[in-house]
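Protein chains: 2
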Amino acid sequence: MARTTGSHSDITGPRIRAAALTLFARYGFAAVSMRQIAKEVGVQAGALYNYTPDKQSLLVELMRDHMVELLAAVQDDDRAAPVVRLERFVRFHIGFHHERPDAVFIAYMELRNLEPENFAEIETLRRRYEGVLERILDAGMARGDFAVADAKVTTWAVIAMLTGVNTWFRSGGRLSLDRVQDQYWQMVRRMVGSVGGSV
Amino acid sequence: MARTTGSHSDITGPRIRAAALTLFARYGFAAVSMRQIAKEVGVQAGALYNYTPDKQSLLVELMRDHMVELLAAVQDDDRAAPVVRLERFVRFHIGFHHERPDAVFIAYMELRNLEPENFAEIETLRRRYEGVLERILDAGMARGDFAVADAKVTTWAVIAMLTGVNTWFRSGGRLSLDRVQDQYWQMVRRMVGSVGGSV
DNA sequence: GTCTATATTCTGATAGAC
DNA sequence: GTCTATCAGAATATAGAC
Chain A
54 MARTTGSHSD ITGPRIRAAA LTLFARYGFA AVSMRQIAKE VGVQAGALYN
104 YTPDKQSLLV ELMRDHMVEL LAAVQDDDRA APVVRLERFV RFHIGFHHER
154 PDAVFIAYME LRNLEPENFA EIETLRRRYE GVLERILDAG MARGDFAVAD
204 AKVTTWAVIA MLTGVNTWFR SGGRLSLDRV QDQYWQMVRR MVGSVGGSV
Chain B
54 MARTTGSHSD ITGPRIRAAA LTLFARYGFA AVSMRQIAKE VGVQAGALYN
104 YTPDKQSLLV ELMRDHMVEL LAAVQDDDRA APVVRLERFV RFHIGFHHER
154 PDAVFIAYME LRNLEPENFA EIETLRRRYE GVLERILDAG MARGDFAVAD
204 AKVTTWAVIA MLTGVNTWFR SGGRLSLDRV QDQYWQMVRR MVGSVGGSV
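Sequence order for the protein chains is A and B. All residue numbers for the first sequence refer to our numbering, where the first residue is 54 and numbers rise by one. All residue numbers for the second sequence refer to our numbering, where the first residue is 54 and numbers rise by one.
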């Protein structure tokens, strides 16, 4: 039996977050007003404050959820060969980020709008994600599969390159997502000095 | 002889642009008020409007100046070997962007705050810069020096990777700028399938 | 839980004195 | 060219009715 009255705490909360995600991504956190979010959801501005203490909390929750989801999904298996782990990481990063462009955009662009303690929290999560790739590179170097000058620099280079896909790739264009993942994997494989085609 | 009165049109204008650059980069265009800019310069808010018709013009002028400077500085010589041109491009991009982090940040982050015709103008300039790299890759493929699956995709991948340096590199840290340029050049050279060390 | 109404502060931009 | 003063509107957040 559906609810019958004006009580919608189970549905309004998610809708507020969804509206904030879309609007923050399109116009930027500072440019979006609480009234705009409320209008998108179909409630009055005052009603938002039943779900979030303030605008800043709305932003940091979106960013934290995104980073936590990312970390839960990445699933690196350190028993596999480094080159296999690296290929999985490259394809995963492109695919995961492609599915949530708004969250990715916010997570990378709105860091400067976070208050210091919130910034520190999100940065810790980001560094943890970077650590996944760095450990793969370290493992490959230890086995002699990769020839990388600096694992940290290479980590940043690879992640910047992969995240950049979101700025130009759109489904239905000249290239399929699979093909894009193939091309980036080829580039990354070469970058780390793993020229062999085998495992 | 120095000027003696309250007339400072030759100095206030640049100071306004400098203040806007710093503040927009730090807090974001939408989050910065004209009063904040005026305070940084040391004038009242109304005085700003002797130098700019509105806030939007201030933003687009900063972005246009940056892109025009970038295009004037890139200087590709198509008589040189593609691998030489590519190395110069990589080192140039990192060096140029390192010297003006605020302008780079604004040019990449505030596109969504541009009105449509301003956005179109800046995008044209950006595509022109990307074209410089794309032509280098095309030339290298035509000569068989590079083995690149897709020149456009590779262009975007390389530029994203190189621009990403600004997010982590700071002078005086573990690595010198020269060393960073060396490492990125090695990665790019491998990415495009140019494994030989000679010209 | 949502509403209306409002307190308070800030916004971009303009007018007119000097 | 810069100032003070101001307009008209929008911002975040809160109070209290229902």
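Just so you know, even glycine gets a beta-carbon here, dropped at the ideal spot from N, CA and C. In this text the structure is predicted, and so the values were computed from the model without any measurement.
(Q) So with CB distances below 9 Å, who are the chain B contacts of residue 238 (chain A)? (A) Near residue 238 (chain A) there are no residues of chain B at all, since even the closest Cβ is about 11 Å away, more than 9 Å.
**Q.** Closer than 8 Å at the beta carbon, the chain A residues around residue 203 (chain B)
**A.** 228 and 236
**Q.** Cβ-based contacts, 8 Å cut-off: residues of the region 154-172 of chain B near chain A
**A.** 162, 165 and 166
Q: Flag this pair as yes or no: are the beta carbons of residue 180 (chain B) and residue 124 (chain B) separated by less than 8 Å?
A: no
Q.
Using the Cβ count rule (16 or more neighbours within 10 Å means buried), how would you classify residue 175 (chain A)?
A. buried
Q.
Please state whether the Cβ-Cβ distance between residue 189 (chain B) and residue 242 (chain B) is less than 8 Å.
A. Their beta carbons are not under 8 Å apart, which means residue 189 (chain B) does not touch residue 242 (chain B) by this criterion.
Q) Checking contacts by CB at 8 Å: is residue 225 (chain B) closer than that to chain A? A) Not closer than 8 Å to any Cβ of chain A, the Cβ of residue 225 (chain B) fails to qualify, so no.
Q | Residue closest to residue 163 (chain B), alpha-carbon to alpha-carbon, out of A:78, A:178 and A:246 | A | A:78
Q: State whether the region 200-213 of chain A contacts the region 153-172 of chain A, with contact taken as three or more CB pairs (one from each stretch) at a distance under 8 Å.
A: Three or more Cβ pairs closer than 8 Å define a contact, and the region 200-213 of chain A falls short of that threshold against the region 153-172 of chain A.
Q) If we call anything under 8 Å between Cβ atoms a contact, is residue 236 (chain A) one with residue 231 (chain B)? A) no
Q | Classification of residue 64 (chain B) by the beta-carbon crowding that lies within 10 angstroms, buried from 16 upward | A | exposed
(Q) Can you tell me whether residue 206 (chain A) is helix, strand or coil according to DSSP? (A) Under the three-state reduction of DSSP output, residue 206 (chain A) falls in the helix class.
Q | Limits of the unbroken alpha helix (DSSP H) element including residue 145 (chain B) | A | Looking at the DSSP string, the run of the alpha helix (DSSP H) that includes residue 145 (chain B) is 135-152.
Q. Comparing the C-beta of residue 180 (chain A) with each C-beta of chain B, is any distance below 8 Å?
A. no
Q. What's the gap between the Cα of residue 93 (chain B) and the Cα of residue 72 (chain A)?
A. 35 Å
Q.
Quick check: the Cα distance between residue 105 (chain B) and residue 99 (chain B), rounded to an integer number of angstroms?
A. 11 Å
Q) What in chain B is Cβ-close to residue 80 (chain A), meaning under 9 Å? A) 83, 165 and 166
Q.
Closer than 8 Å between beta carbons: that is the criterion. Which residues of the region 124-150 of chain A meet it against chain B?
A. Listed by position, the residues of the region 124-150 of chain A near chain B (Cβ gap below 8 Å) amount to none.
**Q.** Top-ranked residue by Cα proximity to residue 229 (chain A), from A:148, A:198 and A:170
**A.** A:148
Q | Inter-residue Cα distance where the pair is residue 171 (chain A) and residue 87 (chain B) | A | Straight-line spacing of the CA atoms in residue 171 (chain A) and residue 87 (chain B) works out to 27 Å.
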